[in-house]
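Have a look at the structure below before the remarks.
There are 4 protein chains.
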Amino acid sequence: MIIVMQPGAEKVQIEGVESKLGEMGFSPHRIQGVGRVVIGAVGERKVVFPTGLEVLSGVEKVVPISAPYKLVSREVKGTSSVVNVGELEIGGSQIVVMAGPCAVENEEQLLTIAHQVKAAGAQVLRGGAFKPRSSPYSFQGLELEGLKMLDRARLETGLKIVTEVLNPQECELVADYADIIQVGARNMQNFSLLREVGRTGKPVLLKRGLAATVEEWLMAAEYILAEDNFQVILCERGIRTFETSTRSTLDISAIPLAKELSHLPVIADPCHSSGTWRLAAPLSQAAVAAGADGLLIEVHHKPSEALCDGPQSLTPEKFSRLLNSVSLIAEALGRSVYIGEDLEAGGGL
Amino acid sequence: MIIVMQPGAEKVQIEGVESKLGEMGFSPHRIQGVGRVVIGAVGERKVVFPTGLEVLSGVEKVVPISAPYKLVSREVKGTSSVVNVGELEIGGSQIVVMAGPCAVENEEQLLTIAHQVKAAGAQVLRGGAFKPRSSPYSFQGLELEGLKMLDRARLETGLKIVTEVLNPQECELVADYADIIQVGARNMQNFSLLREVGRTGKPVLLKRGLAATVEEWLMAAEYILAEDNFQVILCERGIRTFETSTRSTLDISAIPLAKELSHLPVIADPCHSSGTWRLAAPLSQAAVAAGADGLLIEVHHKPSEALCDGPQSLTPEKFSRLLNSVSLIAEALGRSVYIGEDLEAGGGL
Amino acid sequence: MIIVMQPGAEKVQIEGVESKLGEMGFSPHRIQGVGRVVIGAVGERKVVFPTGLEVLSGVEKVVPISAPYKLVSREVKGTSSVVNVGELEIGGSQIVVMAGPCAVENEEQLLTIAHQVKAAGAQVLRGGAFKPRSSPYSFQGLELEGLKMLDRARLETGLKIVTEVLNPQECELVADYADIIQVGARNMQNFSLLREVGRTGKPVLLKRGLAATVEEWLMAAEYILAEDNFQVILCERGIRTFETSTRSTLDISAIPLAKELSHLPVIADPCHSSGTWRLAAPLSQAAVAAGADGLLIEVHHKPSEALCDGPQSLTPEKFSRLLNSVSLIAEALGRSVYIGEDLEAGGGL
Amino acid sequence: MIIVMQPGAEKVQIEGVESKLGEMGFSPHRIQGVGRVVIGAVGERKVVFPTGLEVLSGVEKVVPISAPYKLVSREVKGTSSVVNVGELEIGGSQIVVMAGPCAVENEEQLLTIAHQVKAAGAQVLRGGAFKPRSSPYSFQGLELEGLKMLDRARLETGLKIVTEVLNPQECELVADYADIIQVGARNMQNFSLLREVGRTGKPVLLKRGLAATVEEWLMAAEYILAEDNFQVILCERGIRTFETSTRSTLDISAIPLAKELSHLPVIADPCHSSGTWRLAAPLSQAAVAAGADGLLIEVHHKPSEALCDGPQSLTPEKFSRLLNSVSLIAEALGRSVYIGEDLEAGGGL
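Respectively, the protein sequence lines represent chains W, Z, C and L. Going by the working numbering, the first residue of the first sequence is number 2, and it counts up by one from there. Going by the working numbering, the first residue of the second sequence is number 2, and it counts up by one from there. Going by the working numbering, the first residue of the third sequence is number 2, and it counts up by one from there. Going by the working numbering, the first residue of the fourth sequence is number 2, and it counts up by one from there.
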């Protein structure tokens with residue numbers, strides 16, 4: 002940590018900062034510059050910003066040197082982590098595809114889609130039983146009934162289940178049904194929720210918040226690891242920018258960056274970020290080319306009747322085609338994608 | 002709602018949209034343009050976007066015409082609402098000032114600050130007992146002990162209490178101690194929490210999310226009103242932009258805009274938005290000049306020892322001076338600010 | 002400047018950085034931290050970022066300590082500058098109001114508006130003869146004819162003229178007609194243009210770019226001052242953010258911040274930033290309350306027939322009312338606004 | 002174009018809008034909704050927003066239906082355009098790689114790098130002779146001398162030359178030396194410059210502005226096509242967002258989107274967008290996977306001594322490796338990248 006003094010700071014102010022640093026367990030190193038004094042604070046950084054030093058008399062600013070995260074950091078664990086979901090490995094050489102509807106609407110809808118995405122090659126079924134909706138008048142999910150339908154879909158297809166939890170009180174319930182618990186973008190800094198999903202011990206898929214920096218995203222993951230749950234999968238799903246021609250802006254750079262800073266696997270959600278199925282294939286290809294360990298894709302057999310997010314859902318046929326193109330990219334990079342039947346070619350259900 | 006068809010959309014596609022609109026309870030009005038067909042959908046808008054129409058064959062886009070919020074809308078209730086906190090009115094001609102530390106740290110700290118802000122003229126004491134912190138290793142608040150200290154500060158000073166709740170499970174507990182329950186920026190779309198604070202029946206201070214549009218902010222308020230709790234105070238606290246010289250960007254336009262679109266009172270938090278006490282006074286003046294009904298100000302008697310957010314806290318003396326300048330602005334606009342002693346002039350504690 | 006080495010950087014890498022710093026005229030001060038080495042570089046900062054040090058082996062990042070601007074900095078000149086436009090002072094205790102149409106459309110339009118804004122109290126007439134338009138098919142301005150009309154309006158009313166220049170080649174021509182030359186937001190980093198307007202020796206109104214940080218804005222001003230032209234007025238006109246309910250987001254914090262970092266006067270443009278006349282009055286009040294030295298307001302006698310930016314133009318009557326409310330704010334802060342006739346009360350033309 | 006009236010707009014207001022539409026050459030179609038009236042305007046859209054209708058009494062908002070660009074639109078020209086630079090095709094099945102230093106520094110530097118990027122497989126040499134720098138004290142380019150060095154590099158290597166122009170007055174000069182003229186991000190809405198580069202008749206590489214929407218970027222291209230110059234290559238180089246861990250955010254979605262909306266070729270600049278060579282390879286792979294027709298890469302043989310942008314420059318060896326990985330992605334998609342020697346394997350100079 003570096004403390005930059007104001008130009009013309011007085012001796013007593015400089016000594017005040019040094020003395021405060023001493024109390025905080027740092028040893029201060031003063032550098033007399035041309036225009037001002039700068040103080041380097043040596044010691045293990047345990048404090049988090051702001052530190053209190055910023056308001057001392059004569060201080061202009063305090064500059065952090067080390068990152069605030071510990072357990073998620075690649076400096077602490079140099080090898081990439083693999084999250085195990087039963088026999089499925091996320092973060093290994095195979096790229097894992099999670100697919101399904103935005104919301105669980107009814108048993109027939111869910112089972113139809115589950116069989117189709119399974120046939121096409123997906124390994125995990127997504128589907129929301131608890132839905133965060135910006136309007137109180139929108140469909141809010143089937144809740145427990147939805148979880149039971151996901152359970153039945155797992156039994157019928159063998160797919161793993163990823164589903165979202167909204168409320169700390171429901172973590173245990175969701176953990177009973179899910180193979181992977183999802184924390185949505187709006188809840189990325191819902192710290193009560195992060196702690197509770199951490200305590201379930203289940204693998205957690207942590208979406209990046211719409212306005213969260215990569216550092217804040219990693220700090221949110223740190224909350225889960227701090228509960229002794231190291232099974233965290235990061236998910237880049239787009240950030241909010243001034244551009245309005247897409248729903249949000251997929252921050253493609255965040256994928257290699259998060260993998261450089263952290264040892265956790267990183268997947269991408271190209272459907273939510275763009276808000277249109279038209280961009281799902283090029284963005285999925287790009288995400289895998291940038292190093293993503295998996296994809297989260299919205300698939301609906303009747304997008305125009307979906308209770309939420311229809312415009313960004315692919316039909317099973319388009320999903321099947323997307324898997325084929327993504328697979329070619331993965332192979333070019335020495336990785337692989339599991340591919341099932343070609344639904345477009347009429348091999349579907 | 003307007004449905005814009007693609008150029009060259011076929012008759013059967015156009016009829017498909019019209020038939021779907023019929024099923025949804027709208028009557029369709031077709032307009033044959035030069036390059037394309039546009040369909041106006043007449044009827045009460047109950048659906049929320051996306052509507053499912055976006056994915057119909059031949060549809061280019063769907064344009065909303067009416068706002069999605071109802072109960073918070075000034076179209077529904079034309080007169081400005083006043084939130085009553087005991088005898089205190091928020092949204093009337095007097096501008097209400099809420100002040101206090103970021104976090105409740107201990108009884109002595111809280112009572113000292115409470116007496117000082119009371120003396121200077123504040124009417125509500127702020128202070129966090131549950132703190133949302135981006136690091137799991139930061140101080141997380143005194144919880145129940147903190148609430149009890151707030152209660153004691155109320156008894157001693159007569160100030161009303163505003164304090165934050167993080168978790169739906171703790172809403173009842175916080176409601177037992179708070180006069181106004183605060184929902185923080187990070188939780189603006191924590192819909193479980195919004196519903197629970199709505200159900201307490203207590204006045205709610207709803208901060209705007211860092212990346213929330215004004216429309217989303219009003220929709221979050223709608224969640225609370227939909228629980229039959231009309232006592233909502235909106236709080237603009239800065240949005241996240243590319244500018245890094247302030248912690249966030251106070252969206253000053255959002256204050257008159259939210260008051261134009263909605264009947265709810267709007268206050269501003271100039272400390273969180275800028276991240277520095279240096280800008281607290283000019284931003285407070287600006288907020289009141291733009292029509293704010295109140296201010297939320299961080300005050301700490303020893304900012305360099307504050308357990309959180311010291312750099313953006315004012316000393317009681319600076320707070321007293323700020324109240325004086327804000328009061329002059331308020332009077333210029335025919336409003337008022339309650340002013341106590343002049344702490345700077347040595348009349349303080 | 003601080004050079005942060007990677008954890009585990011080797012001795013030879015550290016010495017490489019120190020040796021390079023020596024070549025660059027800095028004396029290096031090494032601090033051995035717990036996890037890594039940090040090197041302070043002492044000396045006059047002449048280099049601009051990036052410095053070349055970033056790519057040296059073992060370097061993690063380079064942190065600037067001093068600001069890159071010199072001539073515009075309040076560290077260099079502690080007293081606020083006043084820009085003199087004839088007998089008019091910008092940056093003094095009187096708040097200067099510049100008003101007029103977005104574009105000069107024809108002589109009758111310009112003279113009508115000029116007389117009206119003069120009557121209401123404006124001291125400077127704005128009006129574009131060269132218009133930057135996002136479409137090549139939009140009205141691009143009357144060019145030389147427009148400049149001549151501005152000249153005639155000056156003669157008839159005694160108002161000073163501010164008008165925009167788009168092209169380095171036209172700087173001399175515009176300087177012949179304008180009292181203040183405007184550089185628009187889109188051209189804030191058109192460095193050829195900045196140099197040329199600097200060389201004219203005329204006062205320059207420099208709008209902040211839509212995506213420019215306060216630091217970049219001050220650096221753009223530095224280009225003009227570096228041509229020995231110290232007559233620069235900064236103009237905050239809104240930045241681009243995710244919020245779509247206003248055309249851009251007036252960065253109210255930038256006004257006090259630019260005045261703290263720099264000695265130059267700062268004015269605000271509330272019409273362009275919001276895109277609607279409805280917000281012009283509250284935003285003008287807020288800007289003055291935050292410390293703005295002037296306002297730039299769009300006024301049109303027939304907004305619905307304006308060739309550009311009608312929706313954000315005030316009628317002369319509304320402008321007159323705005324001046325009255327702004328004047329009350331200014332007086333509350335010990336400043337003043339020149340007020341003419343009350344056009345609303347029927348005293349107008 | 003759709004005109005949305007305010008709820009409760011009166012008959013005379015509605016007729017006023019319809020009459021104004023008639024004057025503008027549109028035929029109005031009134032739709033009586035439940036809460037308000039909406040008017041569809043049928044006719045060729047020649048007006049650009051705002052239209053003047055926004056300020057008519059009773060009007061709430063005006064919603065555009067068609068895009069404002071014509072010549073660049075895929076609606077006008079359905080097939081993808083190929084820009085021919087001599088025998089080189091940009092926008093065909095081969096992905097074109099442009100590489101070289103940020104700035105031309107001296108002849109030795111330029112020729113060394115030119116030979117190396119040629120050897121590795123690049124087809125176009127980039128290098129700035131006129132440099133836009135945020136500080137007036139930074140190196141501003143070698144100007145004419147730099148152009149002559151680029152000419153010599155072309156003669157020696159056979160590479161095509163792309164170089165930036167900053168000033169309308171220098172367009173002819175730059176056109177004499179360049180095969181492709183670059184318009185930088187900061188000048189994307191420098192309309193005088195766009196017109197002049199259009200008039201040279203040379204191929205133009207148009208970078209997207211830091212805060213430009215995809216629509217504004219296409220409108221900037223429209224300026225060039227409107228001068229009868231259809232040889233435009235779009236270049237996505239990152240947009241400015243709140244994220245600070247990269248210099249800007251590569252908007253990967255803009256690549257497929259611009260190709261869907263327009264017929265022009267689109268390339269990507271992964272170095273400027275991220276600000277670090279570490280992300281150059283994954284972002285190049287992602288851009289090609291998303292459909293980019295080319296790449297613009299910074300290469301410097303001694304990055305730590307580069308006069309600008311060293312941290313984001315690759316060494317020739319790293320560039321050679323990048324070409325290899327990108328080539329595998331291209332082939333997976335049925336496209337190709339020209340590959341020369343493997344400089345990493347010691348086959349270099």
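Virtual Cβ for every residue (Gly too), placed ideally from N, Cα, C. Being a predicted model, the structure only gives us computed values, none of them experimental.
Among the residues facing chain L, GLN170/W is not included, as its CB has no counterpart in that chain under 9 Å away.
The alpha-carbon of VAL105/W is positioned some 30 Å away from that of GLY185/Z. In chain Z, no part has a C-beta under 8 Å from the C-beta of ARG37/W; the shortest such distance is about 18 Å.
In the three-state DSSP reduction, VAL38/L falls in the strand class (E or B).
With 16 or more other CB atoms across the displayed protein chains lying within 10 angstroms of its CB, LEU126/W is buried. With respect to ILE96/L, ILE234/L sits apart: the two C-beta atoms are not nearer than 9 Å. For VAL13/C, the enclosing alpha helix (DSSP H) begins and ends at 12 to 24. Only ALA212, THR214, VAL215, GLU216 from the stretch 189 to 221 of chain L bring a Cβ to less than 8 Å from some Cβ of chain W. Neighbours of GLY292/C across chain Z, judged by C-beta separation under 9 Å: PRO283, GLN286, ALA287. Listed by position along chain C, the residues whose Cβ is nearer than 7 Å to that of VAL56/L are PRO304, SER305, GLY311, PRO312. The three-state reading of DSSP puts LYS319/W in helix, counting H, G and I together. For PHE243/C, the number of other beta carbons within 10 angstroms of its own is at least 16, and it is reported as buried.
When the five nearest sequence neighbours on each side are left out, the beta carbons in the same chain lying within less than 6 Å of the beta carbon of GLY36/L are those of PRO8, in order along the chain. With fewer than three CB-CB distances shorter than 8 Å, the stretch 303 to 320 of chain L does not count as touching the stretch 291 to 308 of chain W. Within the same chain, THR247, PRO271 come within 8 Å of LEU280/W by CB-CB distance, once the 5 residues on both sides are set aside. Along the length of the stretch 129 to 175 of chain Z, whole alpha helix (DSSP H) runs at least 4 residues long occupy 145 to 158, reported in chain order. By the Cβ rule, the stretch 255 to 271 of chain C counts as touching the stretch 273 to 288 of chain Z, because three or more pairs are nearer than 8 Å. Residue contact with chain Z for ARG279/C: present (Cβ-Cβ distance below 9 Å to some residue of chain Z). Any Cβ of chain Z closer than 9 Å to the Cβ of PRO271/W would place that residue at the interface, and such an atom is absent. In this structure, the CA atom of LEU145/W is about 19 Å from the CA atom of LEU194/Z.
At the C-beta level, ARG209/C and ASP252/C come within 9 Å of one another.
Counting only runs of 3 or more residues that sit fully inside the stretch 189 to 221 of chain C, the beta strand (DSSP E) segments are 205 to 208, in chain order.
Residue pairing by DSSP places SER337/W opposite GLN95/W in a beta bridge. Taking 9 Å as the CB threshold, GLN232/W stays off the interface with chain C. By the Cβ neighbour-count rule, GLY41/C is buried, with 16 or more other Cβ atoms within 10 Å of its own. In the structure shown, ASN325/L adopts helical secondary structure according to DSSP, grouped into three states.
Any Cβ of chain Z closer than 9 Å to the Cβ of SER326/C would place that residue at the interface, and such an atom is present. Excluding its 5 nearest sequence neighbours in each direction, ALA212/C has C-beta neighbours in its own chain below 8 Å: ILE240, ARG241, listed in chain order. Per DSSP, reduced to three states, the secondary structure at GLN286/L is helical. DSSP places ALA121/C in the helix class (H, G or I) of the three-state scheme. Contact check for VAL43/Z and HIS30/Z: beta-carbon distance about 6 Å, within the 8 Å limit, so the pair qualifies.
In this structure, the beta-carbon distance from GLU165/Z to ALA68/Z does not fall below 9 Å. Below the 9 Å Cβ cutoff, chain L contributes ILE3, HIS30, ILE32, GLY34, VAL39, GLY41 as neighbours of GLY41/Z, in chain order. Note on geometry: alpha-carbon atoms of MET220/L and THR201/L lie some 19 Å from one another. The alpha-carbon of PHE131/W is positioned some 58 Å away from that of GLN33/W. For GLY44/W, the closest Cβ of chain C is nearer than 9 Å.
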